[in-house]
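Under UniProt numbering, the residues of the sequence shown are numbered 1 to 375, in order.
All C-beta atoms in this analysis are idealised placements derived from N, C-alpha and C, irrespective of residue type, glycine included.
All of these numbers come straight from a predicted model, not from anything done at the bench.
Below is one structure, written out as structure tokens; the observations come after it.
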Amino acid sequence: MIIQPFLSYGGAEAVSVQLANRMSQRGHETKVVSLFIDRGRLPHEAERASIVVAPELLGKAFSLSKLALLLLGFPTLLILVFKNAQSTTVLNPHNFPSLWVAGIVAFFKKIPVVWTCHNLPQTPFTQGLAAKLLNPPAEFLNGFFARRCKKVFVVSGKVKKEVFKRYGVKSQVAHPGIDYAFYSKVDPLAVRERYSWKKKFILLQVGRLARQKNHSLSIESLSKISKRIKEAILVIVGDGKEEQSLRLLVQRLRVSDKVFFVGYQPPNKMKDFYAAADLHLSPAYETEGFNLAPLEALCCWTVSLVAEKSGVDEVIKRERIGVVARPRIMDFSKAILKAYKNRGLLRDMGEKGNLWVKNNLSWRGYADKFEETVC
């Protein structure tokens, strides 16, 4: 049983869905238990997974109200997992508070727990007084339950070090897979023709419009290089609560004619944006474990500029299949200018990276590691 608090278009959610599908294909009855699903923004192939959710009215309340999620989300998820755990042989929690739920159910049902940790910290609050008061005891509970897991999988070396530092727990790195066959089937001209961007140098950022995704760095960097690369534009794919503040930043920097918010795009359309881009930007690092977007972009032969200490930078740097820079305006701007001047090198990197992802990041390989542990 895979436990994921909710299903939307995030990377951890994509891993949950793909693992469920691959394990089911191998004859293991696998369910994903969630409080609710965002039907308009589901990961690729989510429709194939067996998903258990809360009753409709309760699920709707969770999707619309953070207060409802905070007050009732944990007990509801606990009840859902407990009720559906009759024939379960392993519990696989992912995002917060899945580990706590799995730990409690495991105690009563005597079921082993294999935790998949995508990033840290795994706490209920990111800032403010609530974070100061409640996150320390939350971290204590994380450690308590983590030390009782049969196995801990992490998505990168960065997360591996953090898990050991925080909880004293050893873990195994298992990079998530990428559906190469799906993401590599693209039309590189479709987006350029649709938006009349044929002659533009396209910078792209994909993901939720949230503070931790660091879109402001991409916008500030675009502003800094815009006079030297007059045909440069920044395309932002995604939606979220930070959209208004980001639009205000664009206006303040006077780059409204160079920054385009195109909203959420489903996977089958998003991949054409990857293919259209000259350079994909991945400036998030604080809460990132292993961002899948740079690897999805490589399936479309597009190279990424990623932030140091973001997790995915480990692979990008080691394999020399992208550009890595410190997440500061000066460093990102210089990296963009250098990439623009060396577009031939970008194409070579894209070819190399495309082949590396195809040969090394399959969901079959990811499922193999999980199956070896639990079966």
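Are the C-beta of Leu69 and some C-beta of chain C separated by less than 7 Å?
In the displayed structure, chain C is absent; only one protein chain is listed.
In the DSSP assignment, what are the bridge partners of Asn92?
Taking the first residue of the sequence shown as position 1, residue 92 is located at position 92. BP columns for Asn92 point to Ile2.
6 Å CB neighbourhood of Thr123 in its chain, flanking five on each side removed:
Residue 123 sits at position 123 when you count from the first residue of the sequence shown. Setting aside the 5 residues that flank it on each side, Thr123 is surrounded in the same chain by Asn135 and Ala138, each with a C-beta closer than 6 Å to its C-beta; the list follows chain order.
Residues in the same chain with beta-carbon distance under 6 Å from His94, minus the five sequence neighbours each way, listed in chain order, please.
To locate residue 94, count along the sequence shown from 1; it is residue 94. Excluding positions up to five away in sequence, the list reads Gln4, Ala12, Ser16 and Thr116.
Take Ala190 and list the residues in its own chain whose beta-carbon comes closer than 6 Å to its own, dropping the five residues that flank it on each side.
For the purposes of this step, residue 190 is taken as residue 190 along the sequence shown, with counting starting at 1. Answer for Ala190: Asp272, listed in chain order.
Grab the span of the alpha helix (DSSP H) containing Leu253 for me, first residue to last.
Here residue 253 corresponds to residue number 253 of the sequence shown, with the count starting at 1. In the DSSP assignment, Leu253 falls outside any alpha helix (DSSP H), carrying neither H nor E.
By the three-class DSSP mapping on this structure, what secondary structure does Trp115 have?
Here residue 115 is taken as the residue at index 115 of the sequence shown, counted from 1. Reduced to three states, the DSSP call for Trp115 is strand.
Asn359 classed as buried or exposed, judged by whether at least 16 other C-beta atoms fall within 10 angstroms
Taking the first residue of the sequence shown as 1, we reach residue 359 at position 359. Sixteen is the threshold: since fewer than 16 other Cβ atoms of the shown chains lie within 10 Å of the Cβ of Asn359, the residue is exposed.
For the putative contact between Phe36 and Ser63, defined by C-beta atoms under 8 Å, what is the C-beta separation to the nearest angstrom?
Your numbering for residue 36 matches position 36 in the sequence shown. Your numbering for residue 63 matches position 63 in the sequence shown. Going by Cβ atoms, the distance from Phe36 to Ser63 rounds to 5 Å, so yes, they are a contact pair.
Just the C-alpha distance for Arg192 and Val237, rounded to the nearest angstrom, thanks.
By one-based count along the sequence shown, residue 192 stands at place 192. By one-based count along the sequence shown, residue 237 stands at place 237. Spanning the two alpha carbons is a distance of roughly 14 Å.
From Met270, Ser310 and Gly177, residue whose alpha carbon lies closest to that of Ala367:
Sequence index remark: in the sequence shown, residue 367 carries index 367 (1-based). Of the candidates Met270, Ser310 and Gly177, the one whose C-alpha sits nearest the C-alpha of Ala367 is Gly177.
Looking at the structure shown, is Ile329 part of a helix, part of a strand, or coil, going by DSSP?
If you number the sequence shown from 1, residue 329 lands on position 329. Ile329 falls in the helix class under three-state DSSP.
Exposure of Ile79, with buried meaning 16 or more beta-carbon neighbours within 10 Å:
Mapped onto the sequence shown, residue 79 falls at position 79. The residue in question, Ile79, is exposed, as its Cβ has fewer than 16 Cβ neighbours within 10 Å.
Same chain, Cβ closer than 6 Å to Ala335, neighbours up to 5 away in sequence not counted:
The sequence position of residue 335 within the sequence shown is 335, counting from 1. Only residues of its own chain outside the window of five on either side were considered, and among them Leu305, Val323 and Ala325 have a CB closer than 6 Å to the CB of Ala335, listed in chain order.
Going by CA-CA distance only, name the one from Glu308, Ile225, Pro121 and Arg328 that's closest to Leu234.
For the purposes of this step, residue 234 is taken as residue 234 along the sequence shown, with counting starting at 1. The candidate whose alpha carbon is nearest that of Leu234 is Ile225.
Tell me the start and end of each unbroken alpha helix (DSSP H) in the stretch 127–164 that is at least 4 residues and wholly inside, in chain order.
Those alpha helix (DSSP H) runs which fall completely within the stretch 127–164 and span 4+ residues are 128–146.
So within the stretch 270–329, which uninterrupted alpha helix (DSSP H) runs reach at least 4 residues, ignoring any that extend past its ends?
Entirely contained in the stretch 270–329, the alpha helix (DSSP H) runs reaching 4 residues are, in chain order, 293–299 and 313–319.
Anticipated Cβ contact below 8 Å, Phe182 with His280, distance rounded
Indexing the sequence shown from 1 puts residue 182 at position 182. Indexing the sequence shown from 1 puts residue 280 at position 280. Contact doesn't hold; Cβ gap of about 17 Å is too wide.
Check whether the stretch 240–252 touches the stretch 165–176, counting contact only when three or more Cβ pairs, one atom from each stretch, lie closer than 8 Å.
Contact fails: fewer than three Cβ-Cβ distances are below 8 Å.
Backbone CA spacing between Ser218 and Pro112 [nearest angstrom]
As a working note, residue 218 is residue 218 in the sequence shown. As a working note, residue 112 is residue 112 in the sequence shown. For the pair Ser218 and Pro112, the Cα-to-Cα distance works out to about 43 Å.
Among the residues of its own chain, which have a CB less than 6 Å from the CB of residue 378, if the five just before and after it don't count?
Residue 378 is absent from the structure shown; the chain starts at 1 and stops at 375.
With DSSP run on the structure shown, which of helix, strand or coil describes Leu35?
In the sequence shown, residue 35 corresponds to position 35, counting from 1. If DSSP states are grouped into helix, strand and coil, Leu35 belongs with coil.
If you draw a straight line from the C-alpha of Lys185 to the C-alpha of Asp348, how long is it?
By one-based count along the sequence shown, residue 185 stands at place 185. By one-based count along the sequence shown, residue 348 stands at place 348. Put simply, the backbone Cα of Lys185 is about 19 Å away from that of Asp348.
Which residue from Pro267, Asp313, Phe108 and Gly240 puts its Cα closest to that of Lys83?
Locating residue 83 in the sequence shown gives position 83, counting from the first residue. Here the closest residue by C-alpha is Phe108.
C-beta contact flag for Tyr274 and Arg41 at 7 Å:
To locate residue 274, count along the sequence shown from 1; it is residue 274. To locate residue 41, count along the sequence shown from 1; it is residue 41. No, these two residues do not count as a Cβ contact at 7 Å.
Can you name the start and end residues of the alpha helix (DSSP H) that Gly353 belongs to?
Translated into the one-based positions of the sequence shown, residue 353 becomes position 353. Segment Arg343 to Asn360, the alpha helix (DSSP H) holding Gly353.
How about Val357 and Leu292: are their beta carbons less than 7 Å apart?
What you label residue 357 is simply residue 357 of the sequence shown in a count that begins at 1. What you label residue 292 is simply residue 292 of the sequence shown in a count that begins at 1. Going by C-beta atoms, Val357 is not nearer than 7 Å to Leu292.
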